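Note that the sequence shown covers residues 177 to 307 in my numbering.
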Amino acid sequence: MITLLPDPATLQLRIPATPDHTNTGGDIFGGWIMAQVDIAGSIPAVRRCRGRVVTVAIKHFVFHKPVFAGDMISIYAEISHIGTSSITVDIQVHVERNPEQPETLFVADAQLVYVAVNDQGQPRPVQQLSQ
Numbered sequence: 177m178i179t180l181l182p183d184p185a186t187l188q189l190r191i192p193a194t195p196d197h198t199n200t201g202g203d204i205f206g207g208w209i210m211a212q213v214d215i216a217g218s219i220p221a222v223r224r225c226r227g228r229v230v231t232v233a234i235k236h237f238v239f240h241k242p243v244f245a246g247d248m249i250s251i252y253a254e255i256s257h258i259g260t261s262s263i264t265v266d267i268q269v270h271v272e273r274n275p276e277q278p279e280t281l282f283v284a285d286a287q288l289v290y291v292a293v294n295d296q297g298q299p300r301p302v303q304q305l306s307q
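This is the structure we're talking about:
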């Protein structure tokens, strides 16, 4: 089966899943994957806001398939909405598995909301980009 990947320009993070990331069942711990997704989602938000952002909401997060030690995780993130001080980011997680017979699998998707903040941690407007 062929998995269509998002635009390569939206690749924000690539990281191997290692045995120290496993849960008691032997799969990669979902909380660790969520942390990587939060980091990857913040990258386009910081770039667009041109400054500090904080995570304020996980609108949804769905795990479609398990992730295993040895998988190479690729996280794609793209801005889907810009508000006054907030930025919504759509995220997809794919893994590359089995180097002998490579396959790429879509394993999770999420939507997170970040807010631009000033040096005091207070919300600030997202700068409008000139055309």
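Note that CB positions come from ideal geometry on N, CA and C, so glycine has one too.
Everything numeric in this text was worked out from a predicted model, so none of it was measured.
Beta-carbon gap between residue i and residue j smaller than 9 Å
i: G246; j: P192; result: yes
i: Q304; j: R226; result: no
i: D183; j: V238; result: no
i: Q212; j: I249; result: yes
i: N294; j: R223; result: no
i: T186; j: P220; result: yes
Sequence-distant residues of the same chain with beta carbon closer than 6 Å to residue i, five excluded per side
i: S262; result: V289, V291
i: G217; result: A253, V265, I267, L288
i: K235; result: Q287
Cross-strand partners of residue i (DSSP beta bridge)
i: V229; result: A292
i: I191; result: I249
i: Q268; result: Y252, D285
7 Å CB neighbourhood of residue i in its chain, flanking five on each side removed
i: Q307; result: With a pLDDT of only 47 at Q307, under 50, the local geometry of the prediction cannot be trusted, and no value is derived from it.
i: W208; result: H197
8 Å contact criterion, which residue i and residue j should meet: CB distance rounded
i: F244; j: D203; result: 6 Å
i: I270; j: L181; result: A small correction: the amino acid at residue 270 is His; Ile does not occupy that position in the sequence shown. Yes, they are in contact, since the Cβ atoms of H270 and L181 sit about 6 Å apart, within 8 Å.
i: F205; j: H240; result: F205 to H240, Cβ: 16 Å. No contact.
8 Å Cβ shell around residue i - same chain, five flanking residues per side excluded
i: G297; result: V230
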